[in-house]
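Participant: Take this structure first; my questions come after.
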Amino acid sequence: MTKETSEEQSLFAAPPMGEQERMVEAVLFASAAPVSVADLNARMPHGCDAAAALEHLRKRYDGRGVQVTKVGEAWAIRTASDLGFLMQKEVVETRKLSRAAIETLAIIAYHQPVTRAEIEEIRGVAVSRGTVDQLLEMEWIRFGRRRMTPGRPVTFVVTGGFLDHFGLETARDLPGLKELRSAGLLESRPPSEAMPDPHGDDGQPELFEDP
Amino acid sequence: MTKETSEEQSLFAAPPMGEQERMVEAVLFASAAPVSVADLNARMPHGCDAAAALEHLRKRYDGRGVQVTKVGEAWAIRTASDLGFLMQKEVVETRKLSRAAIETLAIIAYHQPVTRAEIEEIRGVAVSRGTVDQLLEMEWIRFGRRRMTPGRPVTFVVTGGFLDHFGLETARDLPGLKELRSAGLLESRPPSEAMPDPHGDDGQPELFEDP
Amino acid sequence: MSDATGDLLTAISVEDRLVAEALIVDVDGFEGPLDLLLSLSRSQKVDLRTISILTLARQYLAFVNKAKELRIELAADYLVMATWLAFLKSRLLLPPDPTEEGPSGEELAAHLAFQLERLQAMRDAAARLMAQDRLGRDRFVRGIPEQVERVRRTRYTATLMDLMQGYSRLRTRDEFRPYAFDRESVFTMEQALERMRGLIGYAGQWTEIEAYLPEGWGDDAVRWRSATAATFAASLELVKEGKVELRQSDMFAPIELRRKEDRS
Chain A
1 MTKETSEEQS LFAAPPMGEQ ERMVEAVLFA SAAPVSVADL NARMPHGCDA AAALEHLRKR
61 YDGRGVQVTK VGEAWAIRTA SDLGFLMQKE VVETRKLSRA AIETLAIIAY HQPVTRAEIE
121 EIRGVAVSRG TVDQLLEMEW IRFGRRRMTP GRPVTFVVTG GFLDHFGLET ARDLPGLKEL
181 RSAGLLESRP PSEAMPDPHG DDGQPELFED P
Chain B
212 MTKETSEEQS LFAAPPMGEQ ERMVEAVLFA SAAPVSVADL NARMPHGCDA AAALEHLRKR
272 YDGRGVQVTK VGEAWAIRTA SDLGFLMQKE VVETRKLSRA AIETLAIIAY HQPVTRAEIE
332 EIRGVAVSRG TVDQLLEMEW IRFGRRRMTP GRPVTFVVTG GFLDHFGLET ARDLPGLKEL
392 RSAGLLESRP PSEAMPDPHG DDGQPELFED P
Chain C
423 MSDATGDLLT AISVEDRLVA EALIVDVDGF EGPLDLLLSL SRSQKVDLRT ISILTLARQY
483 LAFVNKAKEL RIELAADYLV MATWLAFLKS RLLLPPDPTE EGPSGEELAA HLAFQLERLQ
543 AMRDAAARLM AQDRLGRDRF VRGIPEQVER VRRTRYTATL MDLMQGYSRL RTRDEFRPYA
603 FDRESVFTME QALERMRGLI GYAGQWTEIE AYLPEGWGDD AVRWRSATAA TFAASLELVK
663 EGKVELRQSD MFAPIELRRK EDRS
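Protein chains in written order, with the numbering used here: chain A, 1 to 211; chain B, 212 to 422; chain C, 423 to 686.
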């Protein structure tokens with residue numbers, strides 16, 4: 001639908017913004033998984049503007065016991081993190097991740113898209129199949145585009161589920177990302193080495209792919 | 212705990228009511244089952260008054276997309292009943308009306324008001340209840356006046372919705388047999404003169420009732 | 423113990439030997455040589471950027487030797503790293519050979535320092551990531567999610583054409599019968615031919631073919647048209663048979679017919 005028709009239709013049909021806000025509220029409350037703006041628009045009556053309603057709703061829940069949070073391109077309601085102590089009953093014991101899995105996850109998150117060889121280069125040891133499988137199974141990582149280098153190796157990127165779990169809006173919000181980048185620690189070579197262009201032909205495309 | 216000690220402790224320890232409300236909100240949101248006031252009090256810090264916080268929360272959600280509702284002796288957050296439609300994803304399938312339904316509809320349109328017996332006489336077969344129900348449900352036909360004959364049978368007439376759908380101003384705009392013939396819609400040779408004009412005086416009472 | 427081993431051991435400082443001994447107990451706890459190097463580097467208590475790779479190499483080699491001394495099996499990659507560090511150590515200690523190709527000892531050392539710093543940075547990042555407000559620990563999802571119900575709704579439709587066709591079908595069903603030509607007003611060529619064969623013998627003179635129309639067919643326009651056509655067609659047939667001649671004096675003038683004289 002083009003912007004024009006959406007506006008045109010909204011003149012006739014779209015419910016008032018307050019109603020749209022209620023609808024977004026109901027849908028987000030009902031869903032355990034984040035809901036995309038497109039999905040919201042599809043479920044709401046014709047002419048609704050879910051993105052605008054979300055903005056209103058987010059403000060309304062500012063400081064409340066539950067929060068309207070953005071997860072990638074989707075939205076979800078989550079309890080405020082300072083109230084986690086009330087939820088002892090709800091804590092689901094997740095499988096304890098091994099140190100290898102945690103490090104591999106962090107490397108994927110900070111270096112994505114990243115190949116298995118690059119992860120091994122950073123950790124200095126082979127990445128076991130089980131570690132990658134576990135992260136894939138948890139839906140915290142997924143396959144990204146193939147690297148356009150010999151052998152066309154697959155890359156790994158983090159998922160919306162990862163962002164949701166760690167309370168991040170986008171992968172750019174990873175803690176300490178800026179510092180790591182400016183320290184040159186997300187490159188494959190030390191900055192002091194006289195490399196003409198660290199982003200050049202070392203096979204690493206832009207740090208983050210478009211979602 | 213007596214009322215006195217609870218009040219005494221609240222002077223020191225209980226969080227402000229706004230905080231308590233946040234807590235109730237988070238717990239109700241995250242719990243897998245409705246939560247009783249006793250359970251809320253047990254989970255909240257010492258000196259909290261879950262019942263009062265609940266009352267505040269209930270008012271806060273008044274008119275919102277979700278409601279704080281009592282389920283038996285416990286409390287839960289539920290979708291506002293008027294927004295239940297958002298929890299349904301409608302898949303609309305368009306299908307052609309059955310031949311029986313089209314013929315029945317045509318007879319009603321050309322002969323209205325018409326009784327079931329008359330429809331059956333014209334079609335030469337019994338009219339199934341399902342066919343009439345379907346047309347009634349589609350709001351293309353409705354009940355007309357009862358015929359003033361023995362048994363006072365109900366009659367059927369077409370509706371404004373029918374006229375809308377077929378782009379007619381009145382049922383009189385339906386093409387007559389002669390026009391159908393000239394349009395090549397008749398499958399066999401011209402009918403004999405004995406054939407009544409559908410709009411003519413063929414023994415029906417007033418052809419069209421007032422809407 | 424051989425002399426060679428003894429020489430090497432004396433080259434290792436007491437401090438390095440203590441470090442190696444402390445680590446040796448934990449050899450299974452390391453995730454490979456890089457992890458071990460990172461642990462060793464902590465003994466230097468300096469920023470990883472200013473670490474002495476030479477010291478680190480010495481400590482690592484001491485560790486490997488100690489392990490050998492204690493007959494502890496080390497994985498191959500630990501030994502590969504030992505070989506590489508021994509090479510690096512020699513590069514760092516000897517004056518650079520201008521004929522030597524490839525990166526200098528300093529460059530190799532810088533890269534190793536970078537690798538260690540990067541691994542440490544990733545470990546710190548992993549720890550910070552795990553300390554985020556996590557779902558299911560600090561933040562919680564809806565406890566009673568509602569299922570989105572899929573409702574299949576069928577919408578029936580029909581067009582005006584469907585309606586009219588349906589009605590026509592009904593109203594014409596009674597009159598419908600198998601196709602049969604209605605002969606009531608039709609005079610066939612066969613009939614005309616039969617009639618003319620009987621009359622042709624008398625046609626010695628030019629006669630308009632209209633005269634051959636059957637009786638009573640000239641009044642009704644439809645019957646007249648049919649009879650005229652059939653008679654004309656029958657005349658042509660007779661011409662073809664060589665029985666009659668036809669002539670027409672002018673356009674639209676009456677067509678005349680007479681018996682053809684038998685020449686034989």
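Every residue, glycine too, gets a C-beta built ideally from N, C-alpha and C.
(1) Tell me the residue span of the beta strand (DSSP E) that contains Arg353 of chain B.
(2) Along chain C, in chain order, which residues have C-beta atoms closer than 7 Å to that of Thr155 of chain A?
(3) Going by other Cβ atoms of all chains shown within 10 Å of its Cβ, with 16 needed for buried, is Asp457 of chain C buried or exposed?
(4) Taking the straight line between their C-alpha atoms, what separation do you get for Pro455 of chain C and Gln537 of chain C?
(5) Mind listing which residues of the region 293-309 of chain B have their C-beta closer than 7 Å to chain C's C-betas, in chain order?
(6) Residues of the region 220-240 of chain B in Cβ contact with chain A at a cutoff of 8 Å, in chain order, please.
(7) Which whole-angstrom value describes the C-beta separation of Gln134 of chain A and Ala106 of chain A, a residue pair presumed to lie in contact below a C-beta threshold of 8 Å?
(8) List in chain order: all unbroken beta strand (DSSP E) runs of 3+ residues lying wholly within the region 511-584 of chain C.
(9) Using a 10 Å radius around the Cβ and a threshold of 16 neighbouring Cβ atoms, would you call Asp413 of chain B buried or exposed?
(10) Would you check if the region 486-498 of chain C and the region 571-580 of chain C touch, i.e. whether three or more CB-CB distances between them fall below 8 Å?
(11) Using 8 Å as the Cβ pair cut-off and three pairs as the minimum, do the region 276-289 of chain B and the region 21-32 of chain A touch?
(12) From the DSSP secondary-structure annotation, give me the bridge partner or partners of Ser247 of chain B.
(13) From the beta carbon of Ala291 of chain B, is the nearest beta carbon of chain C less than 8 Å away?
(14) If contact means a Cβ-Cβ distance below 9 Å, which residues of the region 37-59 of chain A contact chain C?
(15) Which chain A residues sit within Cβ distance under 8 Å of Ile288 of chain B?
(16) Below 8 Å CB to CB, which residues in the same chain sit around Asp450 of chain C once its five sequence neighbours on both sides are set aside?
(17) Drop a sphere of 10 angstroms on the beta-carbon of Leu168 of chain A, count the other beta-carbons inside from all chains shown, and report buried for 16 or more, exposed for fewer.
(18) Identify the contact partners of Asp450 of chain C in chain A, using a Cβ-Cβ distance below 8 Å as the criterion.
(19) Quick test of your reading: Thr629 of chain C and Arg680 of chain C, contact by CB under 8 Å. State the CB separation rounded to the nearest angstrom.
(20) Quick one: which chain B residues come within Cβ less than 7 Å of Arg147 of chain A?
(21) Kindly list, in the order they appear in chain A, the residues whose Cβ is closer than 7 Å to that of Val277 of chain B.
(22) Can you give me the start and stop residues for the beta strand (DSSP E) that Thr366 of chain B sits inside?
(23) Tell me whether Leu239 of chain B sits in a helix, a strand or coil according to DSSP, three-state version.
(24) Which of the three DSSP states is assigned to Asp408 of chain B in this structure?
(25) For a contact meaning CB atoms closer than 7 Å, what does Pro190 of chain A contact in chain C?
(26) Quick check: the Cα distance between Phe85 of chain A and Gly558 of chain C, rounded to an integer number of angstroms?
(27) Would you call the CB atoms of Leu462 of chain C and Tyr482 of chain C closer than 8 Å?
(28) For Ile677 of chain C, write down the residues that DSSP places opposite it in a beta bridge.
(29) Tell whether a beta-carbon distance below 8 Å holds between Phe562 of chain C and Thr79 of chain A.
(30) Can you confirm whether Val608 of chain C, when its beta carbon is compared against all beta carbons of chain B, has any partner nearer than 8 Å?
(31) Check whether the Cβ atoms of Trp140 of chain A and His165 of chain A sit closer than 8 Å, and answer yes or no.
(32) Establish whether the CB of Pro361 of chain B and some CB of chain C are separated by less than 8 Å.
(33) Could you check how far apart the C-beta atoms of Ala53 of chain A and Met17 of chain A are, in whole angstroms? I think they sit under 8 Å.
(34) Pull the bridge partners of Leu630 of chain C from the DSSP assignment, please.
(35) Count the other CB atoms within 10 Å of the CB of Tyr707 of chain C; is the residue buried (16 or more) or exposed (fewer)?
Facilitator: In short, the structure shows the following:
(1) Ile352 to Phe354
(2) Against chain C, a Cβ distance below 7 Å from Thr155 of chain A picks out nothing, because the smallest value is about 17 Å.
(3) buried
(4) 12 Å
(5) Met298, Gln299, Lys300, Glu301, Val302, Val303, Glu304, Thr305, Arg306, Lys307 and Leu308
(6) Glu232, Arg233, Met234, Val235, Glu236, Ala237, Val238 and Phe240
(7) Contact doesn't hold; Cβ gap of about 14 Å is too wide.
(8) Whole beta strand (DSSP E) segments, 3+ residues: 571-579.
(9) Below a pLDDT of 50, predicted positions are generally treated as unreliable, and Asp413 of chain B, at 38, falls in that range; the measurement from the model is reported next regardless. Answer is exposed; the Cβ neighbour count stays below 16.
(10) no
(11) yes
(12) B:Ala285
(13) no
(14) Arg43
(15) For Ile288 of chain B, the chain A residues whose Cβ falls inside 8 Å of its Cβ are Phe29, in order along the chain.
(16) none
(17) Counting of Cβ neighbours within 10 angstroms places Leu168 of chain A among the buried residues, the total reaching 16 or more.
(18) The premise fails here: Asp450 of chain C is roughly 13 Å from chain A at the closest Cβ pair, so nothing lies under 8 Å.
(19) 7 Å
(20) Simply none; closest approach about 38 Å.
(21) Glu25, Ala26 and Phe29
(22) Thr366 to Val369
(23) helix
(24) Note on Asp408 of chain B: pLDDT 42, under 50, position unreliable in the model; no value is reported.
(25) Ala532, His533 and Phe536
(26) 11 Å
(27) Yes; because the gap between Cβ atoms is below 8 Å, this pair is in contact.
(28) In DSSP, Ile677 of chain C forms a bridge with C:Gln670.
(29) yes
(30) no
(31) When the beta-carbon positions are compared, Trp140 of chain A and His165 of chain A come within less than 8 Å of each other.
(32) no
(33) About 6 Å separates the two Cβ atoms, so the contact holds.
(34) For the record, residue 630 of chain C in the displayed sequence is Glu; it is not Leu. According to DSSP, residue pairing for Glu630 of chain C in a beta bridge involves C:Glu678.
(35) An answer regarding residue 707 of chain C cannot be provided, because it is not within the stretch 423 to 686 covered by chain C.
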